[in-house]
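In the numbering used here, the protein residues as written are 1 to 381.
Cβ coordinates follow ideal geometry from the N, Cα and C atoms, glycine included.
Quick notes on the structure that follows.
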């Protein structure tokens, strides 16, 4: 009996040691994604999110309830992707709407008084907004208030910095074990994609029409340069045409310009954007996401004048993918989907559905139906 008692105590101490190995000791000084040294005096309990899509990261870390620390935010998900918002809201009905939606964006338009009134102990901003916040004097005012500010990134350098962001917030929020689990998952999936890419000397030229159909059935063609979807294309083994066509991060190009370049692959990103004019393919999460609706919108967009002249259309290499991935730490799913589009034979070994199931297991979200990627209907040669 004494032997079993000693054994039980030993196992308990071992497990306790494993837990302590991942525990954050406060105060802690961290280096954020903008390479700033930031001191966190205690575990944050009241967070402000400048970009609501960081909820995807909190779902990985605060698995019991990703809303539990959020006191104010910019709820982009609710306004731009109602299907996915319903998944979060249904899972956590008591807390999903407790935080103030301040609707602030990237332009430094921060209601400082309202932020202070929320009594935050941590502010989380996307790095893309840093210049605007500094130019508007917001960053200096926040520093004077001694509220810690962290800059994270999930879209400028989505593959590299999404992992850094998860690790950073995992340390700051005392969720290092959860962060490590996701980063291990991310790296294992990325390694498979990189192995496929290395099998091919010639990379496909890819055009991404971001937010396809949001402006109506005739609108075309908004795209991303060497950021956002452009970086995800590169990570999946493609050459992003938008990087060659745009002088900046994002912009519109004409379909005639795209026709002149004849990309090998054409990708439309979409979600259930609100508004009567949107015909964007409604990719996303939840019971209301239906493949027939997605296929119908993809087909409608393929019928735009001149689209049939694209070799990608003639060769059956037009695809749709969930738009919000470009600004989400879950973007590894998009990298897998794009790799399947770029290298359909080699990428058969990838199982994006299994990856989604494994990702759900790393959150507190109950597995729900999701359609995040689909080939467009064939138009014929």
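Going by CA-CA distance only, name the one from 346, 330, 352 that's closest to residue 61.
-> 330
Where does residue 101 sit, in a helix, a strand or coil, going by DSSP?
-> strand
Over the uninterrupted alpha helix (DSSP H) stretch that includes residue 60, give me the two end residues.
-> 55-61
Chain D beta carbons: is any one of them nearer than 7 angstroms to that of residue 321?
-> Among the chains in the structure shown there is no chain D, since it carries only a single protein chain.
By a C-beta neighbour count over all protein chains shown, 10 Å radius and 16 as the cutoff for buried, is residue 32 buried or exposed?
-> buried
For the 8 angstroms Cβ check, are there 3 or more pairs between the stretch 220-240 and the stretch 336-345?
-> The stretch 220-240 is in contact with the stretch 336-345.
Quick one: what's residue 319 bridged to in DSSP?
-> 267, 375
Nearest-angstrom Cα separation, counted from residue 23 out to residue 43 | 11 angstroms
If we ignore side chains and look at the alpha-carbon of each, how far apart do residue 193 and residue 160 end up?
-> 15 angstroms
DSSP three-state call for residue 242: helix, strand or coil?
-> helix
In the DSSP assignment, find the unbroken beta strand (DSSP E) run with residue 252 in it and report its ends.
-> 250-252
Where the alpha helix (DSSP H) through residue 183 begins and ends | Counting along the chain, the alpha helix (DSSP H) containing residue 183 begins and ends at 176-197.
Between residue 86 and the rest of its own chain, which residues show a CB-CB distance below 7 angstroms, the 5 nearest in sequence each way excluded?
-> 286
Residue interval of the beta strand (DSSP E) (run including residue 126) = Following the DSSP letters along the chain, one finds residue 126 inside the beta strand (DSSP E) bounded by residues 122-126.
List in chain order: all unbroken alpha helix (DSSP H) runs of 4+ residues lying wholly within the stretch 258-303.
-> 291-302
Per the contact definition of three or more C-beta pairs closer than 8 angstroms, is the stretch 281-301 in contact with the stretch 76-91?
-> yes
Could you have a look at residue 22 and say whether DSSP puts it in helix, strand or coil?
-> Here residue 22 sits in helix by DSSP.
Residue 211 classed as buried or exposed, judged by whether at least 16 other C-beta atoms fall within 10 angstroms | buried
The stretch 253-269 in contact with the stretch 303-311 per 3-pair CB rule at 8 angstroms | yes
Could you check where the beta strand (DSSP E) with residue 114 kicks off and where it finishes?
-> Taken as a continuous stretch (DSSP letters only), residue 114 belongs to no beta strand (DSSP E), being part of the alpha helix (DSSP H) at 112-117.
Could you tell me the boundaries of the alpha helix (DSSP H) in which residue 163 lies?
-> 158-172
From 74, 243, 279, residue whose alpha carbon lies closest to that of residue 101 = 74
Residue from 305, 307, 298 with nearest C-alpha to residue 321 = Of 305, 307, 298, the smallest CA-CA separation from residue 321 is found for 298.
Hey, residue 120 and residue 38 are a contact pair by Cβ (cut 8 angstroms); roughly how many whole angstroms apart?
-> With a Cβ gap of about 14 angstroms, residue 120 and residue 38 do not count as contacting.
Pull up the CB-CB distance for residue 184 and residue 165, whole angstroms please, since I reckon it's below 8 angstroms.
-> Going by Cβ atoms, the distance from residue 184 to residue 165 rounds to 16 angstroms, so no, they are not a contact pair.
Just reading off the alpha helix (DSSP H) that residue 85 is part of, what are its end residues?
-> 82-91
Roughly how many angstroms separate the alpha carbons of residue 214 and residue 59, rounded to a whole number?
-> 27 angstroms
Taking residue 294 as the reference, give the member of 276, 274, 319 with the closest Cα.
-> With distances taken between Cα atoms, residue 294 lies closest to 319.
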